[in-house]
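Numbering (the working numbering), first residue to last: 7 to 576. Glycine included, every Cβ here is placed at the ideal spot set by N, Cα and C. Everything numeric in this text was worked out from a predicted model, so none of it was measured.
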């Protein structure tokens, strides 16, 4: 409820809290992006500017919470989300307490992850804003070195190192860390709270101004992008722009023939004219030789007198019209010769009987996979063409799917034939079924004509059995396959902690994603009644004897576990 009252750009918003049938719940802002721990594991050490940019935002968020008397108490990379724009979001104020009741040893409260816990919290003292800043310094240490300053075999051993052991210098693990940034880290993780930064705002200011050569840096980054490395070439470019350009190199122009002088051009023209004259003379001589050899035939005039008589002269045409003298010989009359009757055609009574064949009915061509224009050109005026349309997944848009009558069928000229043209595949919008139960999503998609296949994926953001996404996401061809990706939840394997010290067991289980619900000591007599082979003398004091979860089982992340351990003092 305290977290629900906060509003800060670097704090995940809490919209509501409540209790439903004994189950407590929190409604929070959904952030798309990994947590900082995942980025450290995948990308290795951050660039200095990338780490400073994120941690400065965390410091700003903590300062906002501290001003409202709220201590987070569990700052760690797992509780810092990084969105797609590279902005940090502090999450999980689940164990946060007001300053008036932030005692570590209070019954029913939890302690932050031991690798990031402050020395005062490890000693059981009250958590303060300085405790959150200490944890923030550990986070910055890990981002730049990909290592934790304190490690031990047990959580208790790690806690004692926070109290007593000085951390290794960050620059000894990553020599690229500048001295000012290293000083900020060491000041943040000082053993004495009074030696740390007094407020989150002070830490934020120190981070944003660590480089004295530039003002505070607030530009956004993509996950751990090396801002400073990108800025350096810009400075180099600005320096090189002031250099004198190299002297221009002389380029040899392409070789060209020098223009000819006027006298030379006149000689050239005269030569060409002479050559043309010689060629014409040769052609004329050759033509005359052909005329001499072949005579009139070359010009289309033959030597046959009958051919000459065919074309009458103008005088002859006039003689045919005007009356001629009696002494002029008349042309022969066109009276038929007697033998011409033998070759005259027979009379109708003599013709043999004939039958008129019926006209052949034309057959329609195959118009499938043709365009309408091609079909019209093919049938011409033989038939009328009726065009219909429909969606089709197999035939390209604009091509004919089928025809009636079918190809090669007879069709009387002037009749109508029908073709159906493809509109291409029919695309249907896929509804948004994210977060919907699988059977409901399947019914909706199959109702739209899709074939549904199912794939599973682990996703903590979606409840088990609900849809994470569809592939494709927005639209698909009707009748095609749509894959529905269903969440299996976020499952983790239960580790085997039998015989481990209770502190070590708690660390192992928390690291695996199991929540510690109850921790109870048990006497030797009680354990012996339940475990036949239990030997109190050989079993270590404080060792885990049982849990309510079976090792090796897969359970949803965050499942609570009850731990029972042997206490020889009982």
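Around the beta-carbon of residue 560, fewer than 16 other beta-carbon atoms lie within 10 Å, marking it exposed. The secondary-structure analysis by DSSP pairs residue 525 across a beta bridge with 569. The beta-bridge partner set that DSSP reports for residue 392 consists of 424. Beta-bridge analysis with DSSP links residue 167 to no other residue. With a threshold of 16 other beta carbon atoms within 10 Å, residue 38 falls short and is exposed. Cβ contact annotation for residue 464 (same chain, cutoff 8 Å, sequence separation greater than five): 493, 494, 495, 496 and 497, in chain order.
With contact defined as three or more Cβ pairs closer than 8 Å, the stretch 402-410 and the stretch 422-433 are in contact.
With fewer than 16 other Cβ atoms from the protein chains shown falling within 10 Å of its own Cβ, residue 30 counts as exposed.
Under the 8 Å Cβ criterion, the stretch 157-176 counts as touching the stretch 119-126, having at least three qualifying pairs. The alpha-carbon separation between residue 48 and residue 531 amounts to approximately 49 Å. Using a Cβ-Cβ distance cut-off of 8 Å, the stretch 45-59 and the stretch 67-77 are not in contact, since fewer than three pairs of beta carbons, one from each stretch, lie closer than that value.
When secondary structure is reduced to three states using DSSP, residue 70 falls in the helix class. Counting only residues of its own chain and dropping the five nearest sequence neighbours on each side, residue 373 has a CB closer than 7 Å to the CB of 381, 384, 406, 409 and 425.
Contact between the stretch 131-148 and the stretch 201-214 is present, with at least three C-beta pairs closer than 8 Å. When DSSP reads this structure, residue 33 sits in a beta bridge with 22. Taken through DSSP and simplified to helix, strand or coil, residue 497 comes out as strand. Linking residue 402 to residue 386 through their CA atoms gives a straight-line distance of about 24 Å. The C-alpha of residue 501 lies about 13 Å from the C-alpha of residue 522. The stretch 435-455 and the stretch 391-401 do not touch, with fewer than 3 CB-CB distances between them shorter than 8 Å. A straight line joining the alpha-carbon of residue 197 with that of residue 143 spans about 12 Å. In this structure, the CA atom of residue 191 is about 11 Å from the CA atom of residue 174. Collapsing the DSSP output to three states places residue 442 in coil. Boundaries of the alpha helix (DSSP H) harbouring residue 211: 206-214, taken from the DSSP string.
Its Cα nearest to that of residue 212, the residue 65 stands out among 26, 506, 27 and 65. In the DSSP assignment, residue 82 falls outside any beta strand (DSSP E) and carries neither an H nor an E. Unbroken alpha helix (DSSP H) runs of no fewer than 4 residues, entirely contained in the stretch 131-157, are found at 135-151, following chain order. In this structure residue 476 is buried. Its beta-carbon is surrounded by 16 or more other beta-carbon atoms within 10 angstroms.
DSSP places residue 562 within a strand segment (E or B) once states are collapsed to three.
Scanning its chain for C-beta atoms nearer than 7 Å, with the 5 sequence neighbours on each side dropped, one finds around residue 180 the residues 51, 150 and 151, in chain order. A distance below 8 Å between beta-carbons, with the five flanking residues on each side excluded, links residue 145 to the following residues of its chain, in chain order: 42, 61, 64, 81, 82, 83, 86 and 122. Non-local beta-carbon contacts of residue 458 in its own chain, meaning distances under 7 Å to residues more than five positions away in sequence, involve 448, 451, 452, 488 and 490 in chain order.
Rounded to the nearest whole angstrom, the C-alpha separation of residue 90 and residue 36 is 12 Å. Under the three-state reduction of DSSP, residue 189 is assigned to helix.
Secondary structure of residue 553 (DSSP, three-state): strand.
For the pair residue 188 and residue 45, the Cα-to-Cα distance works out to about 21 Å. Put simply, the backbone Cα of residue 178 is about 11 Å away from that of residue 184.
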